[in-house]
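Below: the structure, in structure tokens.
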Amino acid sequence: IDPDTGEQNTGMYRMQIFDSKTTGMHWHRHKGGAEHYRAWQKKGKRMPVTVTLGGDPVLTYTASAPLPPGISEYMLAGFLKGAKVKLVKSRTNNIWIPECSDIVIEGYIDTSEPLKNEGPFGDHTGYYSLPDDYPVFHVTCITHRKDAVYPATVVGPPPKEDQFLGKATEDIFIPLIQKTMGPDILDMYLPAEGGFHNLALVKIKKDYPGQAVKTMHALWGAGQMMFSKIIMVFDENTDIRNKASVLKAISENVRPNYDIHMSKGPYDVLDHAAREFSYGGKAGIDATSKLAEEQKDTGNKKAEPADLNPIFSKNFGRNMHVIYSTTPFGEYGRMFTDFSTGHDRNVEGVFIITDQDVQGLSEPLLLWYILSVLDPERDFSLIRNSSPNGVLIINGARRGKKAVPGRKWPAVAVMSQEIIDKVNESWESYEIGPMIESPSEKVKELRRDSHLD
Numbered sequence: 015i016d017p018d019t020g021e022q023n024t025g026m027y028r029m030q031i032f033d034s035k036t037t038g039m040h041w042h043r044h045k046g047g048a049e050h051y052r053a054w055q056k057k058g059k060r061m062p063v064t065v066t067l068g069g070d071p072v073l074t075y076t077a078s079a080p081l082p083p084g085i086s087e088y089m090l091a092g093f094l095k096g097a098k099v100k101l102v103k104s105r106t107n108n109i110w111i112p113e114c115s116d117i118v119i120e121g122y123i124d125t126s127e128p129l130k131n132e133g134p135f136g137d138h139t140g141y142y143s144l145p146d147d148y149p150v151f152h153v154t155c156i157t158h159r160k161d162a163v164y165p166a167t168v169v170g171p172p173p174k175e176d177q178f179l180g181k182a183t184e185d186i187f188i189p190l191i192q193k194t195m196g197p198d199i200l201d202m203y204l205p206a207e208g209g210f211h212n213l214a215l216v217k218i219k220k221d222y223p224g225q226a227v228k229t230m231h232a233l234w235g236a237g238q239m240m241f242s243k244i245i246m247v248f249d250e251n252t253d254i255r256n257k258a259s260v261l262k263a264i265s266e267n268v269r270p271n272y273d274i275h276m277s278k279g280p281y282d283v284l285d286h287a288a289r290e291f292s293y294g295g296k297a298g299i300d301a302t303s304k305l306a307e308e309q310k311d312t313g314n315k316k317a318e319p320a321d322l323n324p325i326f327s328k329n330f331g332r333n334m335h336v337i338y339s340t341t342p343f344g345e346y347g348r349m350f351t352d353f354s355t356g357h358d359r360n361v362e363g364v365f366i367i368t369d370q371d372v373q374g375l376s377e378p379l380l381l382w383y384i385l386s387v388l389d390p391e392r393d394f395s396l397i398r399n400s401s402p403n404g405v406l407i408i409n410g411a412r413r414g415k416k417a418v419p420g421r422k423w424p425a426v427a428v429m430s431q432e433i434i435d436k437v438n439e440s441w442e443s444y445e446i447g448p449m450i451e452s453p454s455e456k457v458k459e460l461r462r463d464s465h466l467d
């Protein structure tokens, strides 16, 4: 609750149990809870906090929805349900909560108390989020309804349950984006492989030159879209949910010399790839058809095909290639030289270099892996060579745990074989339906980075 206005904030925050009466309160610096914490801290007062678990599932979504400041999460829940959300007052805090809550935990945060280290935890990014310091929540009261249900979810490399929260956000907020930013934005797709923030595909009705670039910057300035690492903009004739359609547009319309627009800005706190904590590079990619004013005279320059080893590479469209290497950083340097001034200086296209031991991943998981290790400022190299449109080399390889100065590199959230076997053996006792394969089986190649081993 805001100490100045009395306005409530509802959010979804992780809470690590420290002991029987205290937990961590993992709210990120950009979120409403952290903003209210800073306001209470300025007043030198304790901050009342009430935690609710369970209740109507719509509340789970609205607590995590990217609402603008001043808009109530309960109001959105009521709008989606078509009925009011009945609220009751907390027993010990002056905070209103849903009457349907299963479990209620009340307490306070002493804003004068030192922060406490919490983590690592497996997170929706597919990695164990790095340990960090957060406020301590002191529990003073716990109540629950009869036969209360404790809600839980499983997170890790996609796809997981949280992808449906992302799908809901697309469907619910596209009309709002159109009303506030312009009707030229026809559609937006946040692939689960991008973890909501790493990749946004946007379709526009293009009427004038530079419109795609305008759209990128408008989105980077819109609420939680500021976290978007890569924004790709397409014409209205591209189906942004169809891989073949997207790759066709990239192949035909993206000229690395002219259509890659670099910027910097805020990152999700959980994004470990950033060069600096919660701050890093952005890339906007214009994959729209070019109007006359956007055409470039390339003279007599001609492009030559890249000579790649088919065993250690894969083509995605005419001019996008993934190269698997046991020495990706060495390969990165070699290709940079060859494409700049060497024998491949007439080659054009996009070349993504990644680790050879991820060659067995499915295409969606490969996309997740590459996006998860990128900071475009550090990992995008644009080469204006002798080809008509130039080259973009992307370093999509993992770093060692000490490779990012001052920061650690986390482990992928993958279960140990012991845990996989234990769950398989106990599956029938869970009474949740037919047995399914452990999601960790699909990413077991990445267990090399796991904190569990």
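Just so we're aligned: the sequence shown equals residues 15 to 467 in this note's numbering.
No residue lacks a Cβ here, since even glycine has one placed at the ideal position from N, Cα and C.
Residue i versus residue j: straight-line alpha-carbon distance, rounded
i, j, result
"I119", "D393", "44 Å"
"A354", "L396", "It should be pointed out that residue 354 corresponds to Ser in this sequence rather than to Ala. Approximately 10 Å between the Cα atoms of the pair."
"T252", "D352", "33 Å"
"R359", "I299", "23 Å"
"P62", "T24", "13 Å"
"H465", "F365", "Residue confidence is low: H465 scores 44 on pLDDT, short of 50, so the model does not pin down where it sits. No coordinate-derived value is stated."
"V72", "L381", "30 Å"
"M334", "E377", "14 Å"
"R159", "D70", "14 Å"
"M29", "K130", "12 Å"
"P390", "F248", "20 Å"
"S430", "G410", "25 Å"
"Q238", "A320", "39 Å"
"E132", "Y148", "7 Å"
"K296", "A288", "10 Å"
"N323", "Y293", "36 Å"
"G347", "H275", "22 Å"
"D467", "G209", "For D467, the predicted structure reports a pLDDT of 41, less than 50, and the residue's modelled location is therefore unreliable. The matter cannot be settled from this model."
"Y222", "A301", "14 Å"
"E362", "G84", "48 Å"
"I264", "Q55", "49 Å"
"C114", "C155", "18 Å"
"E250", "V387", "30 Å"
"H211", "W234", "11 Å"
Under the three-state DSSP convention, the category residue i falls into
i, result
"I85", "coil"
"E127", "coil"
"H152", "strand"
"A214", "strand"
"K328", "strand"
"N323", "coil"
"L147", "Leu is not the amino acid found at residue 147; the sequence shown has Asp there. Of the three classes helix, strand and coil, the one that applies to D147 here is strand, per DSSP."
"S4", "Residue 4 lies beyond the range of the chain shown here (15 to 467); nothing can be said about it."
"S464", "Annotation note: pLDDT 49 at S464 (below 50); position unreliable, coordinate value reported separately. Reduced to three states, the DSSP call for S464 is coil."
"D253", "coil"
"V72", "helix"
"D369", "strand"
"T194", "helix"
"T351", "helix"
"P453", "helix"
"F178", "helix"
"D273", "helix"
"I186", "helix"
"M202", "strand"
"K310", "coil"
"Y281", "coil"
"E132", "strand"
"F32", "coil"
Delimiting residues of the beta strand (DSSP E) encompassing residue i
i, result
"W110", "110–112"
"A297", "293–300"
"Y338", "334–339"
"N409", "405–409"
"M61", "61–67"
"V102", "101–103"
"S395", "394–397"
Range of the contiguous alpha helix (DSSP H) that encloses residue i
i, result
"H50", "46–57"
"H42", "It is not in any alpha helix (DSSP H) - H42 carries neither H nor E in the DSSP assignment."
"T229", "225–234"
"I446", "No alpha helix (DSSP H) holds I446; DSSP gives it neither H nor E."
Sub-8 Å separation of residue i and residue j beta-carbons
i, j, result
"V426", "L375", "no"
"D137", "V169", "yes"
"E87", "T76", "yes"
"V457", "P171", "yes"
"T183", "P80", "yes"
"V150", "T64", "no"
CB contact check: residue i to chain B, cutoff 8 Å
i, result
"S265", "Considering every chain present, this structure includes no chain B. It has just one protein chain."
Do three or more CB pairs link the region 97–108 to the region 39–57 at distances below 8 Å?
no
Using 8 Å as the Cβ pair cut-off and three pairs as the minimum, do the region 149–159 and the region 175–194 touch?
no
Say whether the region 261–271 touches the region 336–347, bearing in mind that this needs 3 or more beta-carbon pairs closer than 8 Å, one atom from each stretch.
no
Would you say the region 120–129 touches the region 444–452, given that touching needs at least three Cβ pairs under 8 Å?
no
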